[in-house]
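Some notes on the structure that comes next.
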Amino acid sequence: MFLKCCDFFPLFLKTLDDVLLEKKTTYGQIEAELFCEEMFYSVQVGDTVFVVLKRYQNLQPIGSGAQGMVCAAIDTLTGKKVAIKKLSRPFQNVTHAKRAYRELVLMKMVNHKNIIGLLNVFTPDRNLQEFNDLYLVMELMDASLCQVIQMDLDHERLSYLLYQMLCGVKHLHDADIIHRDLKPSNIVVKSDCSLKILDFGLARTAGSAFMMTPYVVTRYYRAPEVILGMGYSDNVDVWSIGCILAEMIRGHVMFPGSDHIDQWNKVTEQLGTPSESFLNQLQPSVRMYCTRRPRQPGYSCETLFPDELFPPGNKLKAAQCRDLLSKMLVIDPAKRINVVDAMNHPYVNVWYDASEVECPVTKKYDHSIDAQEHTVEEWKKLIYQQVLSYDSSQHDTIPMEGNGDVTQSNSTSSISSSGSEANIKKQSKRKKRDTPGTSNISARIRQMIKGDD
1 MFLKCCDFFP
11 LFLKTLDDVL
21 LEKKTTYGQI
31 EAELFCEEMF
41 YSVQVGDTVF
51 VVLKRYQNLQ
61 PIGSGAQGMV
71 CAAIDTLTGK
81 KVAIKKLSRP
91 FQNVTHAKRA
101 YRELVLMKMV
111 NHKNIIGLLN
121 VFTPDRNLQE
131 FNDLYLVMEL
141 MDASLCQVIQ
151 MDLDHERLSY
161 LLYQMLCGVK
171 HLHDADIIHR
181 DLKPSNIVVK
191 SDCSLKILDF
201 GLARTAGSAF
211 MMTPYVVTRY
221 YRAPEVILGM
231 GYSDNVDVWS
241 IGCILAEMIR
251 GHVMFPGSDH
261 IDQWNKVTEQ
271 LGTPSESFLN
281 QLQPSVRMYC
291 TRRPRQPGYS
301 CETLFPDELF
311 PPGNKLKAAQ
321 CRDLLSKMLV
331 IDPAKRINVV
341 DAMNHPYVNV
351 WYDASEVECP
361 VTKKYDHSID
371 AQEHTVEEWK
381 KLIYQQVLSY
391 DSSQHDTIPM
401 EGNGDVTQSN
411 STSSISSSGS
421 EANIKKQSKR
431 KKRDTPGTSN
441 ISARIRQMIK
451 GDD
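Residue numbers (UniProt numbering): 1 to 453.
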């Protein structure tokens with residue numbers, strides 16, 4: 001009997017341990033759930049459920065796409081309006097997971113006034129096993145450049161918006177990052193003309209052969225070397241900015257190709273067939289197609305961008321803008337203007353501010369990320385680690401222009417001394433333009449804009 005009791009006793013202890021462990025686990029889950037309830041709340045926004053930190057209130061939908069949904073909200077801790085992006089199924093496959101990881105790493109790394117700032121990143125999920133939802137909190141802007149293209153802009157605003165695009169892209173290039181997907185919907189603005197670049201899901205490191213694929217950016221803004229499957233460098237972004245500027249001048253897309261072949265044809269129809277030296281760099285099959293096409297003479301920049309498309313009253317500025325377009329929209333990348341020279345062009349150089357143009361890069365992008373191959377679960381773990389390591393207290397003070405309580409840079413205040421004075425007035429692109437005069441511009445800038453000195 002005693003021996004039977006001895007055999008039973010270890011089993012009894014094991015059962016007791018299991019019961020205690022189960023209770024401990026249950027209590028831990030209850031504590032985690034209570035913690036989650038204290039920190040987060042759930043709200044239905046359209047067809048999407050957002051589970052966000054309680055500091056973010058009054059969520060309103062502002063846009064959605066393949067990558068997820070974005071809401072506007074009030075950050076009750078800072079009193080500022082923010083944008084909250086819920087990534088759509090970031091772990092559905094390796095491609096989505098890697099893109100989410102790259103975007104998060106890049107947003108944490110860059111810090112420039114013309115690049116969208118990451119204010120916070122969080123997940124309501126309690127552990128790695130449950131981790132499925134990822135939320136990015138960013139600065140809230142007023143509109144995308146898609147809406148601005150349909151507005152009537154004077155040379156001050158045109159050149160200032162262009163300057164800021166170049167500033168942001170230069171900062172990315174200084175960090176060895178090629179954006180690769182610049183387009184109007186990836187550029188956002190405020191009513192005081194401050195501009196920021198966003199969406200780094202397709203960004204890659206400069207000079208990486210791993211990236212050289214023709215399917216990287218929205219077709220209309222693809223550089224010729226990308227369309228033709230050539231290797232490319234950072235001035236693919238210059239071509240994209242040139243296409244955006246052309247669209248702002250003309251009021252419609254410059255090269256609206258229906259596929260990549262039609263895209264190339266649209267480019268050559270307007271700019272002409274490139275030189276033999278350029279065509280000889282193409283792969284044999286691509287070169288054969290291009291050389292068999294009828295040779296296109298193209299049109300002069302004066303024909304593509306006549307004076308009547310520009311704001312009236314300043315032919316010098318129109319000529320300068322046209323000259324810069326002629327240098328950006330060059331098929332051969334070796335002959336295309338680079339970002340630095342574009343920023344020194346007379347059309348945008350009036351806004352030059354060394355603190356913005358030469359803003360130091362905190363660190364270079366890790367080139368190894370692009371070549372990394374992981375499973376979905378491995379990417380998930382890497383993203384979770386990035387979320388846990390994020391310190392929002394270091395990012396809550398990112399300057400957000402146009403909110404009324406931030407000190408703006410000299411170039412921003414040159415457009416307007418207050419956000420309301422420089423509201424971009426929406427008008428029909430075909431409507432006769434009025435002479436601008438609503439901006440509070442310094443005498444020196446006004447003289448330069450008018451070409452009086």
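Ideal Cβ positions, reconstructed from N, Cα and C, are used throughout, including at glycine.
Handout entry: Buried/exposed call for A175, threshold 16 Cβ in 10 Å
Key = Within the sequence shown, the letter at position 175 stands for residue 175. Classification of A175: buried, given that the 10 Å Cβ count is 16 or more.
Practice task
Would you mind giving the Cβ-Cβ distance between V189 and D142, rounded to the nearest angstrom? I have them listed as a contact below 8 Å.
Solution key: Taking the first residue of the sequence shown as 1, we reach residue 189 at position 189. Taking the first residue of the sequence shown as 1, we reach residue 142 at position 142. Indeed, because the Cβ distance is near 6 Å, the residues count as touching under 8 Å.
Practice task
Below 8 Å CB to CB, which residues in the same chain sit around K381 once its five sequence neighbours on both sides are set aside?
Solution key: The count along the sequence shown starts at 1 and reaches residue 381 at position 381. The residues are L128.
Problem - Residue span of the alpha helix (DSSP H) that contains N349, given as start and end - result: For the purposes of this step, residue 349 is taken as the residue at position 349 of the sequence shown. Run containing N349: P346 to N349, per the alpha helix (DSSP H) assignment.
Exercise for the section: Kindly examine the ligand NAP and report whether one of its heavy atoms sits closer than 7 Å to the Cβ of E38. Expected result: Questions concerning the ligand NAP fall outside what the structure shown contains, since it holds no ligand whatsoever.
Problem - Residue from M39, Q263, L245 and M107 with nearest C-alpha to R157 - result: Counting from 1 along the sequence shown, the entry for residue 157 is found at position 157. With respect to the C-alpha of R157, the residue from M39, Q263, L245 and M107 having the closest C-alpha is L245.
Practice task
To the nearest angstrom, report how far apart K113 and Y289 are at their CA atoms.
Solution key: What you label residue 113 is simply residue 113 of the sequence shown in a count that begins at 1. What you label residue 289 is simply residue 289 of the sequence shown in a count that begins at 1. A direct Cα-Cα distance of roughly 44 Å separates K113 from Y289.
Problem - Runs of alpha helix (DSSP H) lying entirely within the stretch 230-286, each at least 4 residues, in chain order - result: Those alpha helix (DSSP H) runs which fall completely within the stretch 230-286 and span 4+ residues are 236-250, 260-271 and 276-279.
Practice task
Closer than 8 Å by C-beta to K363: which residues in its own chain qualify, once you throw out the five before and the five after it? Chain order, please.
Solution key: Taking the first residue of the sequence shown as position 1, residue 363 is located at position 363. Closer than 8 Å at the Cβ level, and outside the excluded window around K363, lie M109 and A175.
Problem - I74 versus R55 - alpha carbon distance - result: For the purposes of this step, residue 74 is identified with residue 74 of the sequence shown, where counting begins at 1. For the purposes of this step, residue 55 is identified with residue 55 of the sequence shown, where counting begins at 1. When rounded, the distance between both Cα atoms is 8 Å.
Problem - Residues near Q427 in its chain [Cβ-Cβ closer than 6 Å; skip 5 each side] - result: As a position in the sequence shown, residue 427 is number 427, starting the count at 1. Any reading at Q427 must be qualified, since the residue scores a pLDDT of 35, below 50, and its modelled position is unreliable; no value is offered.
Exercise for the section: Could you pull the start and end residues of the alpha helix (DSSP H) that L304 belongs to? Expected result: In the sequence shown, counting from the first residue as 1, residue 304 sits at position 304. Its alpha helix (DSSP H) spans residues C301 to L304.
Exercise for the section: On a CA-only basis, which of K196, L104 and I177 is nearest P184? Give me that one, please. Expected result: For the purposes of this step, residue 184 is taken as residue 184 along the sequence shown, with counting starting at 1. If we check each option's Cα against that of P184, K196 comes out closest.
Practice task
Can you tell me which of Y352, G272 and Q60 puts its alpha carbon nearest to the alpha carbon of Y299?
Solution key: Counting from one through the sequence shown, the residue named residue 299 turns up at place 299. Nearest C-alpha to Y299: G272.
Handout entry: DSSP-derived helix/strand/coil call for Q92
Key = Mapped onto the sequence shown, residue 92 falls at position 92. Q92: coil per DSSP, three-state reduction.
Problem - Cβ-Cβ distance between I331 and P284 below 8 Å - result: Against the sequence shown, residue 331 aligns to sequence position 331. Against the sequence shown, residue 284 aligns to sequence position 284. No.
Exercise for the section: Would you list the residues sitting across from F131 in a DSSP beta bridge? Expected result: Sequence index remark: in the sequence shown, residue 131 carries index 131 (1-based). DSSP, once it has assigned bridges, lists no residue as partnering F131.
Problem - Delimiting residues of the alpha helix (DSSP H) encompassing I74 - result: In the sequence shown, the residue the question calls residue 74 occupies position 74. Per DSSP, I74 belongs to no alpha helix (DSSP H); it is in the beta strand (DSSP E), G68 to D75.
Problem - Contact set for Y163: own chain, Cβ-Cβ below 8 Å, skip 5 residues either direction - result: Start at 1 with the first residue of the sequence shown, and residue 163 comes out as number 163. Taking C-beta separations shorter than 8 Å and ignoring five residues to either side along the sequence, the partners of Y163 in its chain run M343, V348, W351, Y352 and S411, following chain order.
Problem - Pair within 8 Å by beta-carbon distance, residue 466 and L145 - result: For residue 466 there is no data in the structure shown, the boundaries of the chain being 1 and 453.
Handout entry: Environment of A83 [buried if 16+ CB atoms lie within 10 Å]
Key = One-based indexing of the sequence shown puts residue 83 at position 83. Answer is buried; the Cβ neighbour count reaches 16.
Practice task
Can you give me the Cβ contacts of R287 inside the same chain, cut-off strictly under 8 Å, excluding the 5 residues immediately before and after it?
Solution key: The count along the sequence shown starts at 1 and reaches residue 287 at position 287. Excluding residues within five positions, the ones whose Cβ falls inside 8 Å are L279 and N280.
Exercise for the section: Report yes if the CB atom of V361 is closer than 8 Å to the CB atom of H171, and no otherwise. Expected result: Residue numbering aside, residue 361 sits at position 361 when the sequence shown is read from its first letter. Residue numbering aside, residue 171 sits at position 171 when the sequence shown is read from its first letter. Yes, they are a contact pair.
Handout entry: Coil, strand or helix - M138 by DSSP
Key = Position 138 of the sequence shown, counting from 1, holds the residue named residue 138. DSSP places M138 in the strand class (E or B) of the three-state scheme.
Handout entry: Element boundaries [beta strand (DSSP E), containing V121]
Key = If you number the sequence shown from 1, residue 121 lands on position 121. Per DSSP, V121 belongs to the beta strand (DSSP E) from L118 to F122.
Handout entry: Three-way DSSP call (helix, strand, coil) for N111 in this model
Key = Along the sequence shown, one-based indexing puts residue 111 at 111. In this structure, N111 counts as coil in the three-state DSSP scheme.
Handout entry: Minimum C-alpha distance to R219 - residue among P256, G229, D234 and G242
Key = In the sequence shown, counting from the first residue as 1, residue 219 sits at position 219. Among P256, G229, D234 and G242, the Cα nearest to that of R219 is on P256.
Exercise for the section: Using only alpha-carbon positions, find the residue among V49, F50, R99 and K80 that is nearest to Q67. Expected result: Taking the first residue of the sequence shown as position 1, residue 67 is located at position 67. Out of V49, F50, R99 and K80, R99 has the C-alpha closest to the C-alpha of Q67.
Practice task
Go ahead and label I115 buried or exposed: buried means 16 or more other beta carbons lie within 10 angstroms of its beta carbon, across all protein chains shown.
Solution key: To locate residue 115, count along the sequence shown from 1; it is residue 115. Here I115 is buried. Its C-beta has 16 or more other C-beta atoms within 10 Å.
Problem - 7 Å Cβ shell around Q60 - same chain, five flanking residues per side excluded - result: The sequence position of residue 60 within the sequence shown is 60, counting from 1. Listed in chain order, the non-local C-beta contacts of Q60 below 7 Å within the same chain comprise C71 and A72, local neighbours out to five positions each way being set aside.
Problem - Pairwise C-alpha distance: S277 and D291 - result: Reading the sequence shown from its first residue, position 291 is the one you call residue 291. Reading the sequence shown from its first residue, position 277 is the one you call residue 277. Going by the sequence as given, residue 291 is Thr instead of Asp. Straight through space, the alpha carbons of S277 and T291 are spaced by roughly 12 Å.
Handout entry: Under the three-state DSSP convention, the category I383 falls into
Key = Counted from its first residue, the sequence shown places residue 383 at position 383. The three-state secondary structure of I383, taken from DSSP, is helix.
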